[in-house]
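Undergrad:
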Amino acid sequence: MSNTQVGPAGALSRVRSWLPTTVDRRVRIIAWASFACQVLLIGTGGAVRLTGSGLGCPTWPRCTADSFVSTPEMGIHGVIEFGNRLLTFVLTVVVILAFLAVIRMRAVRRDLFLLTLVQGLGIPFQAALGGITVLTGLNPYIVGAHFVVSIFLVALTTVLLWRVHRGPRGSHAATPRGYARLVHAAAGVVGVTVVVGILTTGSGPHAGDAATPRNGLDPAVMDHVHSWPAYATLVLTLAIVAWTLRAGLPRRFPLLLLGVELVQIAVGITQARTGLPPILVGSHMVLSALLVGAMTAVVLSLRNEQAPDEIDAPVAVEDARV
Numbered sequence: 003m004s005n006t007q008v009g010p011a012g013a014l015s016r017v018r019s020w021l022p023t024t025v026d027r028r029v030r031i032i033a034w035a036s037f038a039c040q041v042l043l044i045g046t047g048g049a050v051r052l053t054g055s056g057l058g059c060p061t062w063p064r065c066t067a068d069s070f071v072s073t074p075e076m077g078i079h080g081v082i083e084f085g086n087r088l089l090t091f092v093l094t095v096v097v098i099l100a101f102l103a104v105i106r107m108r109a110v111r112r113d114l115f116l117l118t119l120v121q122g123l124g125i126p127f128q129a130a131l132g133g134i135t136v137l138t139g140l141n142p143y144i145v146g147a148h149f150v151v152s153i154f155l156v157a158l159t160t161v162l163l164w165r166v167h168r169g170p171r172g173s174h175a176a177t178p179r180g181y182a183r184l185v186h187a188a189a190g191v192v193g194v195t196v197v198v199g200i201l202t203t204g205s206g207p208h209a210g211d212a213a214t215p216r217n218g219l220d221p222a223v224m225d226h227v228h229s230w231p232a233y234a235t236l237v238l239t240l241a242i243v244a245w246t247l248r249a250g251l252p253r254r255f256p257l258l259l260l261g262v263e264l265v266q267i268a269v270g271i272t273q274a275r276t277g278l279p280p281i282l283v284g285s286h287m288v289l290s291a292l293l294v295g296a297m298t299a300v301v302l303s304l305r306n307e308q309a310p311d312e313i314d315a316p317v318a319v320e321d322a323r324v
């Protein structure tokens, strides 16, 4: 056998031998990188819109008719828009690494395989949606759809993180039924809050370009409408935390959810009263991603591998009452 035949085969064998067969430190690091990149992409996407750089690269997939990268003539707006596009390539590398990190585990950890596969499929979908956004002149509804997909991917990578740290989905309830219903209700209201927030953003300033039309809704009215599900989320979260403390349930993620919400509300009120400064609007967007991540973690905590009779006594008693 020639060296040319042995060389590539040997290289592939070495690469395959390096790939993890169990969830180890490498897999966890890559999962965290996946989550961080999704949140960062929301932050940079917000920076594009908040600096009026939405059409800094006026075409897609090229930045100009003749160049894939921004040119000096395009100024800072071209740099910002191209930088956001460039981050997609970084995310692509991370997602490929995540997929490769679990591919040898696909028979025993099918959940990780499917999560990384869906995340990978989300990249071309997001890229195409981003292209449509540019080609439609930053239509506010397309921009909103782009954000919805990004939020979905934040939730997805949160699930990936949970699974690599906590194992496959549990087959038993870890909390009382009433508590689970309360958490699911809160998750639904969080979803409504995000959607209404997108519509509110689409009605106000910071369109991404001075010539971009808005969605036609009254921004003053939408500010109030957006606050209703936001405060409902806070009330439901306070109820979750109170139940958690009273029943002795794990408190880490409910308290994290409450903390994110309090900061989010403080930023939201401040930005509304100070004329929507870009830095606060951008912070509000990133906090939305963290809010969805925290809410997802609380939902995931509802199940584990314990049998019902193994649940702590306070939980079992409360479950019997429901």
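When we follow this note's numbering, the leftmost residue of the sequence shown carries the number 3, and every step to the right adds one. Glycine is no exception: its CB is placed at the ideal position from the N, C-alpha and C atoms. Please read all numbers here as calculations on a predicted model, not as lab measurements.
1. With respect to the alpha helix (DSSP H) encompassing ALA103, which residues constitute its N-terminal and C-terminal limits?
2. Over the uninterrupted alpha helix (DSSP H) stretch that includes VAL301, give me the two end residues.
3. Give me, in chain order, the residues of the same chain whose beta-carbon lies closer than 6 Å to that of VAL145; leave out the 5 immediate sequence neighbours on both sides.
4. Using CA coordinates, which residue listed in PRO215, PHE101, GLY54 and SER173 is at the minimum distance from ALA35?
5. With H, G and I counted as helix, E and B as strand and the rest as coil, what does DSSP make of SER19?
6. Between the region 258–268 and the region 118–133, do three or more beta carbon pairs fall short of 8 Å?
7. Restricting to Cα atoms, I'd like to know which of ALA103, GLN128, THR73 and PRO60 is closest to PHE91.
8. Roughly how many angstroms separate the alpha carbons of ALA241 and PRO231, rounded to a whole number?
9. Taking the continuous alpha helix (DSSP H) assigned at ALA147, which residues delimit it?
10. Return helix, strand or coil for ARG28, following the three-state DSSP convention.
11. Taking the alpha helix (DSSP H) that MET107 belongs to, which residues open and close that run?
12. Would you decide whether THR298 is buried or exposed? Buried here means 16 or more other CB atoms lie within 10 Å of its CB.
13. Taking its Cβ as the centre, do 16 or more other Cβ atoms sit within 10 Å of ARG28, making it buried, or is it exposed?
TA: With the given structure in hand:
1. Taking the first residue of the sequence shown as position 1, residue 103 is located at position 101. 77–104 is the extent of the alpha helix (DSSP H) around ALA103.
2. Sequence index remark: in the sequence shown, residue 301 carries index 299 (1-based). Here the alpha helix (DSSP H) through VAL301 covers 280–302.
3. The count along the sequence shown starts at 1 and reaches residue 145 at position 143. Once the five neighbours on either side are set aside, the close Cβ partners of VAL145 are THR135.
4. Here residue 35 refers to the residue found at position 33 when the sequence shown is read from its first residue. Ranking PRO215, PHE101, GLY54 and SER173 by Cα distance to ALA35 puts PHE101 first.
5. Translated into the one-based positions of the sequence shown, residue 19 becomes position 17. Here SER19 sits in helix by DSSP.
6. no
7. The residue you call residue 91 lines up with position 89 of the sequence shown. Nearest option by C-alpha distance: GLN128.
8. Your numbering for residue 241 matches position 239 in the sequence shown. Your numbering for residue 231 matches position 229 in the sequence shown. Computed Cα separation, rounded: 15 Å.
9. Here residue 147 corresponds to residue number 145 of the sequence shown, with the count starting at 1. Taken as a continuous stretch (DSSP letters only), the alpha helix (DSSP H) holding ALA147 covers 142–168.
10. Walking along the sequence shown from the start, residue 28 turns up at place 26. Helix, per DSSP.
11. Numbered from its first residue, the sequence shown carries residue 107 at position 105. Careful: MET107 lies outside any alpha helix (DSSP H) and carries neither H nor E.
12. Here residue 298 is taken as the residue at index 296 of the sequence shown, counted from 1. Classification for THR298: buried.
13. In the sequence shown, residue 28 corresponds to position 26, counting from 1. The residue in question, ARG28, is exposed, as its Cβ has fewer than 16 Cβ neighbours within 10 Å.
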